[in-house]
Amino acid sequence: MFVVVVADIVVAMKTNNSVPLSRDSSSLDKEAGGLVGILQRVFLPHLAAGMGLFAVMAYATYLFVLAPLHWPGFIKNAVILFLLGGYGVTAFCYSFFAACVYALRLACVTWEEFIEETLDKVKDKAISRLDNMQDSLAKDQAKVLVRGSVREVYENSRRSTTLPRWVAVISLGALMLAVRAVLTARIVKLAGTTVKVSKIFAGKATLAGAIFLNLRLFSTLLLGVVYLVGGIVLICNVVFVLSW
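Counting from 407, one number per residue, gives the positions in the sequence shown under the numbering used here.
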């Protein structure tokens, strides 16, 4: 199973001293590795649900659409194989994506330290992009600075991690969206037309809590949308084959 293989690779990277992790990527590897572990536990239930959708849709389509057709045997068999392959691949991809989102929702609860480290990196990048004599910025400039710093931290972390690309994209991408949203909201709420970078990042614990809530809300809403889409597709397929 692909997920099990990935998890084994992550464990091997953690235990193999001949492949040291960089200082910048170690935290990401640790937290995303936890995501893989959770995904390994939740993948089978989601796969079972996806295969259930596949079985219902494939059987209903065959029974009400293909079986009554008077086509030559080899053509009907080819269509059935194509139908089963299409339904099977779609169901597997849906199950895998739903399991990833569900694993992200569970994993973000334990990411407090990872979130704080990410905030520090974004702050350092933002400060490094300023002139030495520059003390404050217009709010629009501050937004551009923060978004650029978040993007740079994301790219650096994604390139430096030893984990598979999809793990970094899921875990780090969702986190960076939450970080950017929280910092942008902080800039908007600050009084005046100009802001100091130090004020944007003041109160790291408060910012980390807001990022966690945003990440949790984002993953919960996305999971709800994924489940809703699956239900809608199932209902539409049943309605279609019954009205054929």
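Heads up, the beta-carbon is just placed ideally off N, CA and C, and yes, glycines get one too.
- Query: From the DSSP output, which residues share a beta bridge with alanine 544?
  - Reply: Numbered from its first residue, the sequence shown carries residue 544 at position 138. According to DSSP, alanine 544 bridges with Thr600.
- Along the chain, which unbroken stretches of the alpha helix (DSSP H) at least 4 residues long are found entirely within the segment 468-503? none
- For aspartate 530, which of Ile593, His476, Glu561, Val603 has the nearest alpha-carbon? For this step, residue 530 is matched to residue 124 along the sequence shown. Of the candidates Ile593, His476, Glu561, Val603, the one whose C-alpha sits nearest the C-alpha of aspartate 530 is Val603.
- Item | Burial state of histidine 452, where buried means 16 or more other Cβ atoms lie within 10 Å | Counting from one through the sequence shown, the residue named residue 452 turns up at place 46. Per the 10 Å Cβ criterion, buried.
- Contacts around threonine 590, its chain only, beta-carbon distance under 7 Å, and the 5 residues preceding and following it disregarded: Residue numbering aside, residue 590 sits at position 184 when the sequence shown is read from its first letter. The residues are Lys549, Val552.
- Three-pair Cβ contact test at 8 Å for the segment 568-584 versus the segment 619-628: yes
- Task: Could you tell me whether the Cβ atoms of phenylalanine 449 and alanine 505 are closer together than 8 Å?
- Result: Looking up residue 449 in the sequence shown gives position 43. Looking up residue 505 in the sequence shown gives position 99. Contact: yes.
- At which residues does the alpha helix (DSSP H) containing threonine 590 begin and terminate? Here residue 590 refers to the residue found at position 184 when the sequence shown is read from its first residue. Element bounds for threonine 590: 571-595.
- Query: Taking contact to mean at least 3 C-beta pairs separated by less than 8 Å, is the segment 636-648 in contact with the segment 467-475?
  - Reply: yes
- Could you spell out where the alpha helix (DSSP H) holding glycine 365 opens and where it closes? Outside the displayed range of the chain (407 to 650) lies residue 365, so it cannot be described from this structure.
- Message: Assuming the contact rule is C-beta atoms closer than 8 Å, leucine 613 and lysine 605 should be a hit. Round their C-beta distance to whole Å, please.
- Response: Taking the sequence shown and counting its residues from 1, the one referred to as residue 613 is at position 207. Taking the sequence shown and counting its residues from 1, the one referred to as residue 605 is at position 199. Not quite, the Cβ-Cβ distance comes to about 11 Å (not below 8 Å), so this is no contact.
- Query: Helix, strand or coil for threonine 567 per DSSP?
  - Reply: Taking the first residue of the sequence shown as position 1, residue 567 is located at position 161. Looking at threonine 567 - three-state DSSP - the assignment turns out to be coil, as it is neither helix nor strand.
- Message: I believe leucine 586 touches valine 556 by the beta-carbon criterion, under 8 Å. Please report the beta-carbon distance rounded to the nearest angstrom.
- Response: On the sequence shown, position 180 is the one that residue 586 refers to. On the sequence shown, position 150 is the one that residue 556 refers to. The displayed chain sequence assigns arginine, not leucine, to residue 586. So it is a contact: roughly 5 Å between Cβ atoms.
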